[in-house]
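**Student:**
Residue numbers (this note's numbering): 3 to 330.
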């Protein structure tokens with residue numbers, strides 16, 4: 003009997019075969035491996051596969067969610083940019099007050115007021131007398147009334163020449179709502195420019211009018227307040243204009259600094275007039291740049307603009323100005 007390694011003589015006629023067929027006749031039992039049955043995967047292998055596929059699905063989900071957030075933020079940013087740019091263009095036009103048929107205060111203008119003095123003129127003591135009534139005060143009141151008809155929370159309009167900051171100012175019952183909602187009431191991460199809920203919308207009733215806004219990349223909202231950290235810009239751009247129900251309130255900037263959110267720069271209530279004067283000097287001395295020609299006394303009023311630094315969640319930039327006139 004032939005062993006498993008013995009040559010198996012095949013009586014087939016080899017001369018009629020090709021090379022492949024001939025090679026098959028030379029196979030022995032040892033050359034043909036038995037077919038193994040497929041083994042079931044081990045529990046460890048099953049768990050590994052579940053983890054691998056689960057991780058893949060999670061990564062895909064995170065990617066889709068991040069893409070959605072980026073797209074949503076970009077869309078919200080563009081919507082806010084379009085909204086406020088459009089509103090600023092409308093507000094700049096005298097026809098803005100005619101966009102409604104409801105009662106708008108009649109316009110009556112006083113004599114033309116002198117131009118605001120430059121910083122150098124003020125240092126030289128050349129400060130022209132202010133007129134009791136100023137061109138534009140009545141128009142400003144009418145425009146603010148129109149804003150209020152569009153949104154009942156509107157209390158005014160802020161304009162800071164040199165920065166591109168031109169926005170309606172809103173006020174809610176708290177200081178949270180307008181962090182996330184725009185002028186039209188739509189939810190938007192850019193939020194709105196808003197007055198501290200503890201302030202009065204009648205600016206002359208506040209010793210410290212505090213206004214907040216996000217520091218949005220690309221120059222939106224209060225982002226361009228950071229320009230005042232540049233020394234040349236600070237000294238060349240000195241005024242803040244706030245249209246209100248009283249007319250146009252004009253503030254001269256005297257301080258810019260970085261503060262912790264727990265500091266007292268946004269205080270709007272004081273025990274006495276003397277305490278408020280001390281507070282004003284404290285804010286003046288906090289400034290990155292010095293303004294020697296602005297002093298304070300009892301009865302003075304200031305404005306504080308506050309925005310995040312985007313460096314630390316608890317840090318803020320503050321720009322402050324002293325009320326020098328109200329164009330009524």
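Note that CB positions come from ideal geometry on N, CA and C, so glycine has one too.
Would you say residue 289 and residue 212 are within 9 Å of each other, going by their C-beta atoms?
**Tutor:** For residue 289 and residue 212, no; Cβs fall outside 9 Å.
**Student:** On the three-state DSSP scale, how would you describe residue 184?
**Tutor:** coil
**Student:** Return the Cβ separation of residue 1 and residue 330 in integer angstroms, given the expectation that the two are a contact with Cβ distance under 8 Å.
**Tutor:** Residue 1 is absent from the structure shown; the chain starts at 3 and stops at 330.
**Student:** Check each candidate in 277, 219 and 214 and name the one with the smallest Cα separation from residue 318.
**Tutor:** The closest CA to that of residue 318, considering only 277, 219 and 214, is found on 214.
**Student:** First and last residue of the alpha helix (DSSP H) that includes residue 279?
**Tutor:** 275-288
**Student:** Check each candidate in 273, 61, 197 and 218 and name the one with the smallest Cα separation from residue 190.
**Tutor:** It is 218.
**Student:** On the DSSP letters alone, give me the boundaries of the alpha helix (DSSP H) that residue 264 sits inside.
**Tutor:** Where residue 264 is concerned, there is no enclosing alpha helix (DSSP H), given that its DSSP letter is neither H nor E.
**Student:** Any heavy atom of the ligand GTP closer than 8 Å to the Cβ of residue 279?
**Tutor:** With respect to the ligand GTP, the structure shown offers nothing to examine, as it has no ligands at all.
**Student:** Considering only C-alpha positions, which residue in the set 198, 53, 92 and 167 is nearest to residue 227?
**Tutor:** 167
**Student:** What residues are listed by DSSP as bridge partners for residue 170?
**Tutor:** 159
**Student:** Any idea what DSSP makes of residue 298, helix, strand or coil?
**Tutor:** In this structure, residue 298 counts as coil in the three-state DSSP scheme.
**Student:** CB-CB under 8 Å to residue 276, same chain, minus the five flanking residues each way: which ones, in chain order?
**Tutor:** These residues qualify, in order along the chain: 300.
**Student:** So residue 323 packs on residue 242, CB below 8 Å; how close in whole Å?
**Tutor:** 5 Å
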